[in-house]
Structures are given as structure tokens and as C-alpha cells.
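Structure first, then comments.
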Amino acid sequence: MNVINYFLAALSTILFASCNNKQNEQTLEQLDKKSAREVTLKTVTQGDSILHITVQHIWYNGEQIAAKSDTIKTAAAPNTWDGIDSTKNLSKVPIYVTVQ
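Printed below as a string of C-alpha cells:
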């Protein structure tokens, strides 16, 4: 019986903590874009190549002060030490973002 009580207490704590975190989140529409850096990541397949496109817009006091686009081009299925696997494609690779 004690194990069930501990389990229910832990579950209640986790649920309460997750509810508090959701209250602090803001939707994109609610964010103040007067001074912000907007970054868009896009992957485009072009023949046997993949284009990894990054677009940035920098806003300050409601004005766009800078914009830039960068593109990295790779083979859709690059040759690695493991060889070429036609079932794997870089357009399906997850995107990890680090903000510093």
C-alpha cells in the first residue's frame, strides 16, 4: 500500500510541475516582435542534392535592420565510412538548434 501512495504522490508532483511549465510558455503570436531575431530553417530537395537554407531577419524597435540567407548544399545520401545507403536521406535528418 505504501508503494502505491508514493507512486501517486510522485505522479501528482510531475503533473503539477508540467501544468506550471505550460502556463509560462507563450505562443509565437504572443511574442513581442518589435525587437527580435527571427530565424527560419528549411530543407529543400533538388535532384540528388539537399539544400539546407537558413534565413534571418533582425528587428529593432519595430524596424527590420538586417536580413540574410545562407544555403549549405550537400548530397542527398553522402558517402561515409559506412558507405552509401540509398534508404537514408539528409532531408529526413532531425534539426537540432542551439541558442547561445
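Residues -17 to -1, 1 to 83 in mature numbering (1 follows the signal peptide of the UniProt record, and there is no 0) are what the sequence shown spells out, letter by letter. Where is the CB? At the ideal position from N, CA and C, for every residue including glycine.
Residues bridged to residue i by DSSP?
i: D53; result: T37
i: V82; result: According to DSSP, V82 bridges with nothing at all.
i: A58; result: S32
With DSSP as the reference, label residue i as helix, strand or coil.
i: S18; result: coil
i: K75; result: helix
i: W42; result: strand
Closest to residue i by CA distance: which of the options is it?
i: I55; options: L73, T81 and Q83; result: L73
i: T23; options: K17, T63, Q83 and I41; result: I41
i: T57; options: E46, I48, Q83 and H35; result: H35
i: Y43; options: V27, D15 and T28; result: D15
i: S32; options: N62, G45 and A50; result: N62
With a CB to CB cut of under 6 Å and the five nearest residues on each side skipped, what residues in its chain are close to residue i?
i: R20; result: I41
Assuming residue i and residue j form a contact by the criterion Cβ under 8 Å, report the distance between their Cβ atoms to the nearest whole angstrom.
i: V38; j: S18; result: With a Cβ gap of about 18 Å, V38 and S18 do not count as contacting.
i: K71; j: A60; result: 6 Å
Apart from the five residues on each side of it in sequence, which residues of its chain come closer than 8 Å, Cβ to Cβ, to residue i?
i: I48; result: I41 and W42
Spatial neighbours of residue i within its chain, please: C-beta separation below 7 Å, excluding the five flanking residues on both sides.
i: I78; result: L24
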